[in-house]
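Contents: one structure, followed by commentary.
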Amino acid sequence: MNAGAEKLIQVYRGGQETNLLKRKRMYPIKRIEKLIIMLMVSFLLGSTLTGCTNTADETGQTNSKVATIKNKTAEKAGIPVQYFFINGSLLGSYDREGWKSLCKPVIDDQAGENGQAFWAKDLLAQDAYYVYDGKNKKLLGVAKQIIWSTGTGGLGSFEDSSAEQKLAAYGELYNPVEGDISRPRIFKLPVKAGQDLDLKIPDYSFFTEFVIDSQAQSEYKLVTNRESNLFPRETADGLEATEAGERALARLFRREKMENTLPNFSDCIESDFDNDGKPEYLIFANNPRSEMGYPLLCSNGKTDHLGIFSALFYQDDDGSIQTLYSDLRPHNGVFQPDENNNMELTVPSHCIYLSSLTIADLNDDGVYEIVVKKSGWEYGFYLAYAMNAKGKYELVMRSNYGM
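Numbering-wise, numbering that gives the first Met the number 0 puts 36 at position 37 of the sequence shown, and it's gapless, one number per residue.
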């Protein structure tokens, strides 16, 4: 036992022993002594541990790490819902429970399954929306008004037959045109609505226009209801594909028996995606297209084992490659090459293309999310990827668009 503790106990015994003997039938001396000793030892141990804690605080090691973890946990617990739109389409949201997607987050072309339900009253209840140019990485302005199509029966319309009547109580007609079944209405934010606006946001081709000084909608427009630093680090695009990316595409060609197809890379983007101080790469591979927009079947000189392709690779700073997306479609017909050893395919099912929309830190965790666009024949969808705890990108949000 600590010498200081023993001395304190002896002093206490000397002053209290007489009284304790008088009451020994009710409170035995040994029991009292045991309680006193436990209290004194606890006091001294507490003081010692406090000293250790202060030492750790001064060194900035153990306690700072624990504090960081606690702060991150508390910060995540207090995260309000943050919504994300790309080119007017709702992608989904992020909150303390993680990512939520408007459509089921899959890469199938004809995916028809629903994802998370989003409601009109929640989107209208926001104070404002912050509109960014996702390509040039700058804030365009703050939207205090939005425009929705409130009619029913058309593409991208609400599924509730009473939607037009319900929304009419909260928004005015916007540039009405006789015979227009969409009945666009403009809403001033925030809209304080009740359960009458429990209208589910359609999961296919539903469009939101964000009004900023009457400016028109533009491509690469990234919108969220919280102002944040979406672009903390530089990105460089238009680079040549890396050797690792070239090998990854060649492996895909061999797997699909398309090894005689001439490889083609449409973009390579360099940035510190995971905020570790080292550069990573995002590599897009797409077959060339004709002036009419049809895919070109390009051969290395042979007439078999050819096909159309669209793929996306992420290369980590250690050189490892992750395939985020791949759509390879072998050509089974006769190859009739032109003078450039190409052949234009006017088959609608082969009109596919993958392109970058924006790279941004959507949820303010220091790591970049990736938003891309997949184009097809009269259809398409937007895909958003986020890095998981294992350092791998996974699909977390999707939104469909098309005719």
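Where is the CB? At the ideal position from N, CA and C, for every residue including glycine.
Predicted model, so just to flag it, every value in this text is computed and none were measured.
Helix, strand or coil at residue i [DSSP, three-state]
i: G244; result: helix
i: A124; result: coil
i: A235; result: strand
i: Q144; result: strand
i: L196; result: helix
i: L296; result: strand
i: A119; result: helix
i: L7; result: No answer about L7 holds up, because its pLDDT of 38 lies below 50 and its placement is not dependable.
i: F334; result: coil
i: S265; result: strand
i: L188; result: coil
i: K389; result: coil
i: S92; result: strand
i: R288; result: strand
Residue span of the alpha helix (DSSP H) that contains residue i, given as start and end
i: A167; result: A162 to A167
For residue j and residue i, the rounded distance between their alpha carbons
i: E226; j: D179; result: 35 Å
i: L123; j: I211; result: 16 Å
i: A385; j: E338; result: 43 Å
i: S63; j: N274; result: Because S63 carries a pLDDT of 34, less than 50, the predicted location of this residue cannot be relied on, and no value is offered for it.
i: F380; j: Y173; result: 27 Å
i: L166; j: V190; result: 11 Å
i: A192; j: G150; result: 19 Å
i: Y169; j: S88; result: 21 Å
i: D236; j: E112; result: 34 Å
i: K256; j: L327; result: 10 Å
i: K69; j: I78; result: At K69, the pLDDT of 36 sits below 50, so the modelled position is not reliable; the number obtained from the coordinates is stated separately. So the two alpha carbons sit approximately 14 Å from each other.
i: S270; j: L138; result: 20 Å
i: S426; j: A142; result: Nothing in the structure corresponds to residue 426, since the chain is present only between 0 and 402.
i: H304; j: L248; result: 15 Å
i: Y129; j: R254; result: 44 Å
i: N187; j: W147; result: According to the sequence displayed, residue 187 carries Lys and not Asn. For K187 and W147, the distance between alpha carbons rounds to 12 Å.
Continuous beta strand (DSSP E) stretch holding residue i: start and end
i: L323; result: I320 to P329
i: T357; result: Y352 to A359
i: G375; result: E368 to G375
i: N399; result: Y392 to G401
i: E279; result: E279 to N285
i: Q81; result: Q81 to I85
i: G461; result: Any answer about residue 461 is impossible in this case: the structure gives the chain only from 0 up to 402.
i: A383; result: Y378 to M386
i: K99; result: G97 to S100
i: F308; result: G306 to Q314
i: F209; result: T207 to V210
Residue i - partner residues in DSSP beta bridges
i: V222; result: F84 and V130
i: M342; result: L296
Sufficient close CB pairs (3 or more, under 8 Å) joining the segment 346-356 to the segment 371-382: yes
Would you be able to state if there are at least three C-beta pairs under 8 Å between the segment 391-401 and the segment 327-335? no
Segment contact flag, the segment 304-322 with the segment 281-288, C-beta cutoff 8 Å, min 3 pairs: yes
Taking three-plus beta-carbon pairs below 8 Å as touching, is the segment 150-160 in contact with the segment 196-204? yes
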